[in-house]
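*Asks:* Sharing a structure here in C-alpha cells format.
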Amino acid sequence: MNSDPQPSQRVQRESEAIARAFRLSVLGLVGVVVIAVIAWFIFREGTPPAQIDPTVAAPDVAAEDTEAPEARFVRVTEASGIDFVHENGASGDRLLPETMGSGVALFDYDNDGDVDIFFLNSSRWSEDGASEDAPPTARLYRNEGGWNFTDVSAKAGLDVECYGMGIAVADYDADGWTDLYITAVGPDRLFRNVNGRFVDVTETAGVGGKDSAWSTAAAFFDADGDLDLDLFVCEYIRWSRDIDLAVDFRFAGLGRGYGPPGNFEGSHPRLYLNEGDGRFRDASEDAGIRMANASTGFPIAKALGIGLMDVDDDGRLDVFVANDTTRNMLFRNLGEGVFKESGILLGLAYDSGGGATGAMGVDVAHYRNDESLGVLVGNYANEPSSMFVRQTAGSPFTDEATIEGIGAASRGALTFGVLFIDYDLDGWADVLQCNGHLEDRIGVIQPSQSYEQPAQLFHNMGASSSAAFARVPDDRAGDLALPIVGRASATADLDGDGDLDVVLTALAGPPSVLRNDTEGGNWLRVRVVGLAPNLDAIGATVEIHGGGMVQSRIVSPTRGYLSQSELTLTFGLGVADTVERVSVRWPNGDERTLEKVSVNQTLTVKPGEVD
C-alpha cells in the first residue's frame, strides 16, 4: 500500500555487474557494497516512513509489445454457478481492513480429482449493529466437471463468519484429506478435513493467535526438519477500530480516508511447530523471526505476502516475507526451527532505488529456465513491481524489474496478487498481476489512477529478447483486461484440459473465474505424492528436461496474495512431443528419475517405485 518516498541518499547498485557476465571478477567490489548497504540501512532503521503524495501522477508506462502472443481468457464466473460476492463491511468509517480483500484457495477438498474453489469473505463490523440481511460467509464450491460448480459451504462446514484475510491448505495430519487454515482480523481458525467435512480444531491445535491480531498470509511447510508440516503465519499491523479512528487520516481535502500503514505499529509473524498429535507449539520466540526496530523497539514487519524458496540449495525451505512500507525479510532456514533474517544481506529488503515499497503479493520461479531464481513482488501505485533475481545459489539478489521489461509497465498499477504462470504452454513462465486501488475516490485527485484496474499479463520472451518480458496489450488479453478492484490471484487447471485457468478476487464484488482458451503448446502436469507425514510433498523439487529446456519448480500451494494455488505442477513444452527426463527430489532427500515421458498427460510420481 502507500510507500516511503525515495531517501535523500542513494545506494547505487550495479545490477548488471551482479546479474550478468563477469560477476566473478567483481565479487570483491560487491562485498564492499553489501557491507556499505548494511551499515547505511541499519543506521537508517529508526527513520519513520513518510507517505507518497497521492496527487502525483505516475509516469507514462512503457509501450506494450505487440509481439507477445494473444491470451484468451474468458470470464465464466456466473455461467459456472459461482455466485459469491465479497463483502468488506464498509459503512463510512473508512477502516483500513476494508481495503485489503480476502484470499482464494484452489484445492481438491473431496479427493475426487477435480480442483474445487474456496472463497474467503470478510464480515460486517459488530459496532455497526444488526442487519436483516444474512451475514456474509466464506463459500466452498465443488467442481462437478464441465465448468459446473455447486455451493457446498454449509454441507462441508465452511460457511464461516469472520473478517477473513488469508488461506493456507495442506494435509497437516497426514490422513489423506486436505485441511484448511484461515487468517483474519481477530482470531485465526484451523479446520481439519474429516472425509470432506471440515471440523474446527483451532483450540485443540493451539493456532488461533491473539484475538487482537491482524493475520494475513500463511503457509504450511516443514520448518524444523522433522518432515511433518509446520505453520508460518504473517501479521500485518497493530490495529483496532479505536486506533484507526484516532489516527483520523484525511484524504487530500475529501474528508476521512483510509490511513496508510505508516501510521500504525508493525507486528511480528508467528511460527507453529507441528507436534504430530494434532497440536502445534508456538515457537515464535526462539525461531529468529521477530525483528524489532532498533530505535523504537517496535516490530518491523508489516507483512502481507509470503513466498517459499530454497535460496542456498541446502534442502530446507526459506521464507520470504513481503512487508508493506518497511523492508522485506528473508528468513534463512538454519534447521530445527531456527531462522536467520538475511534480507538486507541478500539484496531482497529494498527496491533498486534503495527504498522500502508497499509490498503485497509474492511468487517465486526459475523463470529463465536456468539456475537463476526470480522473486516477484507486487507493489503500491506509482511503484513498479519488484523482480529480485539471484544468479546462483547463495548469491545476492538484485531488483531487475526495469531491465526485465516489467518495471515501467507495472508502475501505474496498484498490484496485489502476482503469479508466475505459463499461460501459452511454451515452456517459459509468464507474469500475471492482479490490480486495483484501495481508495474509491482516487480518480478525483489523481486522474491517472482508477479504482477498478485491469489485470496485467507479461509474456516471457525466453531467449528471443533482451528484456525477458513483454506486456500483452489489454485488447489481446481477453477478459483479464476487464477492470476490477483486484486483490487475490490463484491458478489451477480447473477443467482438466492441461492449461492453467485463473481466479481473481475483487474487493466488495464478485470474483473473476477465467477459463484459459489460449492456443498453446504441449504440456506435462506432475503430481508428486509424498511420504507421511508430508503426503503433499510440500518442498519437493521437480525438474524436467524437454524441448531443449530445463524447467524446475518447488511443490508449494502458497503463492500470490493471501491465496493458495493447486499442488500439481504444470510444465509447458511448446512443440516438444517427448520429455527426455523427469527428476523428483523429496524433502527427505529421496530422488527418482523417469525417462522418455509422454506429453499431454498428468504424471503421478510416488517415492520408492522402481521405474
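Sequence positions in the sequence shown follow my numbering and run -2 to 608.
Beta carbons are placed, not taken as given, at the ideal position from N, Cα and C, and that holds for glycine.
Keep in mind it's a predicted model, so treat the numbers as computed, not measured.
(1) For GLY28, which of helix, strand or coil comes out of DSSP?
(2) Any idea if GLU333 is buried or exposed, counting beta-carbon neighbours within 10 angstroms, 16 or more meaning buried?
(3) Taking one C-beta from the stretch 575 to 587 and one from the stretch 556 to 566 each time, how about it: are there three or more such pairs within less than 8 Å?
(4) What are the boundary residues of the beta strand (DSSP E) that includes LEU242?
(5) ALA165: which of THR565, ILE179, LEU454 sits nearest, CA to CA?
(6) Cα separation between ASN432 and PRO507?
(7) Quick one: is PRO132 buried, meaning 16 or more other Cβ sit within 10 Å of its Cβ, or exposed?
(8) For my contact list, SER486 and LEU429 are in at a C-beta cut-off of 8 Å; report their separation, rounded to the angstrom.
(9) Looking at PHE195: is its Cβ nearer than 7 Å to the Cβ of GLY475?
(10) Determine whether the beta carbon atoms of MET357 and PHE413 lie at a separation below 7 Å.
(11) List the whole-angstrom C-beta distance separating VAL359 from GLY285, where the pair is believed to meet the contact cut-off of C-beta under 8 Å.
(12) Excluding the 5 residues flanking GLY495 on each side, which residues of the same chain have their C-beta closer than 7 Å to its C-beta?
(13) Quick one: what does DSSP say VAL441 is sitting in, helix, strand or coil?
(14) For ARG387, which of THR575, ALA249, ASN366 has the nearest alpha-carbon?
(15) Examine the Cβ distances between the stretch 201 to 209 and the stretch 312 to 322 and report whether three or more of them are shorter than 8 Å.
(16) Report yes if the C-beta distance between ALA467 and GLY402 is below 7 Å; otherwise report no.
(17) Taking 7 Å as the cut-off, decide whether the C-beta atoms of LEU614 and TYR377 are in contact.
(18) So what does DSSP say about PRO258, is it helix, strand or coil?
(19) Which residue or residues does DSSP assign as beta-bridge partners of SER580?
(20) Name, in chain order, the residues that DSSP records as bridge partners for GLN548.
(21) Determine the closest residue to ASP130 out of GLU577, LEU477, GLU84, with distance taken between C-alpha atoms.
(22) Rounded to the nearest angstrom, what separates VAL30 and SER339 at their Cα positions?
(23) Please report the distance separating the alpha-carbon of THR601 from that of LEU251.
(24) Report the three-state DSSP secondary structure of THR199 (helix, strand or coil).
(25) From GLY222, ASN290, VAL101, pick the residue whose C-alpha is nearest to that of THR213; which is it?
(26) Out of SER292, LEU268, SER383, ASP587, point me to the one whose CA is closest to ASN325's CA.
*Replies:* Let's see:
(1) Locating residue 28 in the sequence shown gives position 31, counting from the first residue. Here GLY28 scores only 42 on pLDDT, less than 50, and its place in the model is too uncertain to base an answer on.
(2) Taking the first residue of the sequence shown as 1, we reach residue 333 at position 336. Exposed, because fewer than 16 other Cβ atoms sit within 10 Å of the Cβ of GLU333.
(3) no
(4) Position 245 of the sequence shown, counted from the start, is the residue given in the question as residue 242. Per DSSP, LEU242 belongs to no beta strand (DSSP E); it is in the alpha helix (DSSP H), 238 to 244.
(5) As a first step, residue 165 is located in the sequence shown; it is residue number 168 there, counting from the start. It is ILE179 whose Cα lies nearest to the Cα of ALA165.
(6) Counting from 1 along the sequence shown, the entry for residue 432 is found at position 435. Counting from 1 along the sequence shown, the entry for residue 507 is found at position 510. Each residue's alpha carbon lies about 15 Å from the other.
(7) For this step, residue 132 is matched to residue 135 along the sequence shown. Counting Cβ neighbours within 10 Å, PRO132 comes out exposed, since fewer than 16 surround it.
(8) Within the sequence shown, numbered from 1, the residue matching residue 486 stands at position 489. Within the sequence shown, numbered from 1, the residue matching residue 429 stands at position 432. Taking C-beta atoms under 8 Å as the contact rule, SER486 and LEU429 qualify, at a distance of about 6 Å.
(9) Position 198 of the sequence shown, counting from 1, holds the residue named residue 195. Position 478 of the sequence shown, counting from 1, holds the residue named residue 475. Cβ distance not < 7 Å, so PHE195 and GLY475 don't count as in contact.
(10) For the purposes of this step, residue 357 is taken as residue 360 along the sequence shown, with counting starting at 1. For the purposes of this step, residue 413 is taken as residue 416 along the sequence shown, with counting starting at 1. Cβ atoms of MET357 and PHE413: closer than 7 Å.
(11) In the sequence shown, residue 359 corresponds to position 362, counting from 1. In the sequence shown, residue 285 corresponds to position 288, counting from 1. Going by Cβ atoms, the distance from VAL359 to GLY285 rounds to 20 Å, so no, they are not a contact pair.
(12) Position 498 of the sequence shown, counting from 1, holds the residue named residue 495. Counting only Cβ-Cβ distances below 7 Å, and skipping sequence neighbours, we find TRP520, ARG522, ASN597.
(13) Residue numbering aside, residue 441 sits at position 444 when the sequence shown is read from its first letter. In this structure, VAL441 counts as helix in the three-state DSSP scheme.
(14) On the sequence shown, position 390 is the one that residue 387 refers to. Considering only alpha carbons, the answer is ASN366.
(15) With a cut-off of 8 Å, the stretch 312 to 322 and the stretch 201 to 209 do not count as touching, because too few Cβ pairs lie within range.
(16) On the sequence shown, position 470 is the one that residue 467 refers to. On the sequence shown, position 405 is the one that residue 402 refers to. Going by C-beta atoms, ALA467 is nearer than 7 Å to GLY402.
(17) The question about residue 614 has no answer here: the residues shown for the chain are numbered -2 through 608.
(18) Sequence index remark: in the sequence shown, residue 258 carries index 261 (1-based). PRO258 falls in the helix class under three-state DSSP.
(19) Taking the first residue of the sequence shown as 1, we reach residue 580 at position 583. Paired residue(s): GLU540, THR590.
(20) Here the question's residue 548 lines up with position 551 in the sequence shown. Note: GLN548 sits in a beta bridge opposite ILE541.
(21) Here the question's residue 130 lines up with position 133 in the sequence shown. For ASP130, the nearest C-alpha among the options comes from GLU84.
(22) Position 33 of the sequence shown, counted from the start, is the residue given in the question as residue 30. Position 342 of the sequence shown, counted from the start, is the residue given in the question as residue 339. Below a pLDDT of 50, predicted positions are generally treated as unreliable, and VAL30, at 39, falls in that range; the measurement from the model is reported next regardless. Spanning the two alpha carbons is a distance of roughly 15 Å.
(23) In the sequence shown, residue 601 corresponds to position 604, counting from 1. In the sequence shown, residue 251 corresponds to position 254, counting from 1. Taking the straight line from one Cα to the other gives about 57 Å.
(24) Along the sequence shown, read from residue 1 onward, the residue named residue 199 stands at position 202. Helix, per DSSP.
(25) As a first step, residue 213 must be located in the sequence shown, where it is residue number 216. Measuring from the Cα of THR213, the nearest candidate turns out to be VAL101.
(26) Stepping through the sequence shown from its first residue, residue 325 is reached at position 328. With distances taken between Cα atoms, ASN325 lies closest to SER383.
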